[in-house]
Amino acid sequence: PILTQRDLDPARPNPVTSTGHAKLVETQNGDWYATFLGVRPYEGDYYNIGRETFLLPVTWKDGWPIILPKGQPVPFVGTKPRLPASPPSRIPTSGDFAYVDSFDGSKLAMQWVGVRTPKMPFYRLDHGDLILDRGGRIGDLSKVPSFVGRRQQHHVATMSTTVRFTPDTDGDRAGLVAMQSDANYLFFGTTRIEGKPVVALYTADKGKEQLVASAPVTSTGPVTLTIRANGGTMAFDYDGAGGKKTLARDVDARILSTKTAGGFVGTLVGPYAWRK
8 PILTQRDLDP
18 ARPNPVTSTG
28 HAKLVETQNG
38 DWYATFLGVR
48 PYEGDYYNIG
58 RETFLLPVTW
68 KDGWPIILPK
78 GQPVPFVGTK
88 PRLPASPPSR
98 IPTSGDFAYV
108 DSFDGSKLAM
118 QWVGVRTPKM
128 PFYRLDHGDL
138 ILDRGGRIGD
148 LSKVPSFVGR
158 RQQHHVATMS
168 TTVRFTPDTD
178 GDRAGLVAMQ
188 SDANYLFFGT
198 TRIEGKPVVA
208 LYTADKGKEQ
218 LVASAPVTST
228 GPVTLTIRAN
238 GGTMAFDYDG
248 AGGKKTLARD
258 VDARILSTKT
268 AGGFVGTLVG
278 PYAWRK
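Heads up: the sequence shown begins at 8 in this note's numbering, then just goes up one per residue.
See the structure below:
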């Protein structure tokens, strides 16, 4: 093979696995490169961020392209092509970065994606607020959920939003969702259980949702929700009228991994709302 990681030590540092689907390109300078897909596991064969695009130089031997010699690992950092520099992206796309969306435009940035194609708009932007209107529930394949997400790009990451929501009936919910599919996801936000408003964490594996933790909500004001991802675990903080608290920590997030949930698209994280 012209590119394989199959025979390497699984315990090697910074492994890149599942490499393939390469495409070759020749630059105007006569240099050859290959773009290909691969994944960066955080443990064993577990990864929540899906397949990513890699770039490596190509050499030719006896008319055959060689991306990597046998036994050589895909490097985390490589040499960039001899090409003019591209203008910096307005929204960071790689490396370590911090990004805040103030929702002050007329439409969402291209980095936000949804689940399935909506027949009717389910969100609107209003003076810095993202308003999610009535939509389907995550897990209902016949409808489009009121959810917009960004792809999780880092194993270690912090994601946060502030919600203003009053549940009318048990089950109404608004907050953050991290999802690999309609069957494997987690919800962290405000809801109502047995007639009482709470902040709660639910996880779903293969379509079976369960309550992990909940705490009373003592005011009707905004609540800031924060998810802290660290490889295969997550912690969940909330900040309302009573100050910042941790609802749950060291929660198993491998339900969002390809190994558990299937698929290669990776985890989406973003705001979600649903009313019965």
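Glycine included, C-beta positions come from ideal geometry on N, C-alpha and C.
Among the options, whose alpha-carbon lies nearest the alpha-carbon of residue i?
| i | options | result |
| --- | --- | --- |
| LYS2 | GLY70, VAL206, GLY143, TRP119 | Any question about residue 2 goes unanswered here, given that the chain covers just 8 to 283. |
| SER96 | GLN118, LEU75, LEU90 | GLN118 |
| GLY269 | THR225, TYR54, PRO64, PRO278 | TYR54 |
| ALA105 | SER167, ASP257, ARG13 | SER167 |
| PRO152 | ARG180, PRO174, ALA164 | ARG180 |
| PRO223 | TYR209, ARG199, LYS213, THR231 | ARG199 |
| GLN35 | GLN79, PRO91, PRO80, ALA18 | PRO91 |
| GLY277 | GLY78, TYR245, GLY121, MET241 | GLY121 |
| ARG157 | GLY57, GLY78, GLU50 | GLY57 |
| THR66 | LEU115, VAL32, SER93 | VAL32 |
| PRO229 | VAL219, THR169, SER93, HIS28 | THR169 |
| VAL155 | ILE74, ALA116, HIS161, HIS134 | ALA116 |
Express the C-alpha separation of residue j and residue i in angstroms, rounding to a whole number.
| i | j | result |
| --- | --- | --- |
| PRO88 | ASP38 | 8 Å |
| ASP52 | LYS266 | 7 Å |
| THR24 | ARG141 | 40 Å |
| LYS203 | ILE9 | 60 Å |
| LEU62 | LEU44 | 9 Å |
| GLY146 | PRO76 | 44 Å |
| LYS30 | LEU148 | 34 Å |
| ILE98 | ARG47 | 23 Å |
| ASP177 | VAL206 | 13 Å |
| ASP212 | ARG19 | 30 Å |
| VAL258 | MET241 | 5 Å |
| GLU59 | HIS134 | 34 Å |
| ARG261 | LYS215 | 15 Å |
| GLY85 | SER221 | 45 Å |
| SER107 | THR165 | Here residue 107 is Val; the residue named in the question, Ser, does not match the sequence. If I take the Cα positions, the gap works out to 12 Å. |
Sorted by chain position, which residues of the same chain lie with C-beta nearer than 7 Å to residue i's C-beta, five sequence neighbours on each side aside?
| i | result |
| --- | --- |
| ASP136 | PHE110 |
| THR173 | THR227 |
| PHE195 | GLY182, LEU183, LEU208, LEU232, ILE234, PHE243 |
| ARG282 | ARG141, ASP175, ASP179 |
| ASP189 | ILE145, GLY146, LEU148 |
| VAL219 | LEU208, TYR209, THR210, ALA255, VAL258 |
| PHE271 | GLY57, ARG58, THR265 |
Given residue i, which residues of its chain have a CB within under 8 Å of its CB, disregarding the five upstream and five downstream residues?
| i | result |
| --- | --- |
| SER264 | TYR53, TYR54, ASN55, GLN187, GLY239 |
| THR225 | GLY247, ALA248, GLY249 |
| THR26 | LEU10, THR11, GLN12, PHE43, LEU44, GLY45, PHE61, VAL81 |
| GLU2 | Since the first residue of the chain shown is 8 and the last is 283, residue 2 is not available in this structure. |
| PRO22 | GLN12, LEU15, ARG47, PRO48, PRO80 |
| THR124 | VAL151 |
| GLU50 | GLY238, GLY239 |
| GLN217 | TYR209, THR210, ALA211 |
With a threshold of 6 Å on Cβ separation, who are the neighbours of residue i within its own chain once the five nearest residues in sequence on each side are excluded?
| i | result |
| --- | --- |
| LEU139 | TYR130, SER153, ALA280 |
Under the rule that 16 or more other beta-carbon atoms within 10 Å means buried, what is residue i, buried or exposed?
| i | result |
| --- | --- |
| THR210 | buried |
| GLY112 | exposed |
| ARG171 | exposed |
| GLN159 | buried |
| THR274 | buried |
| LEU193 | buried |
| THR197 | buried |
Does the region 249-267 come into contact with the region 69-77, if we say contact requires no fewer than three beta-carbon pairs (one atom in each stretch) closer than 8 Å? no
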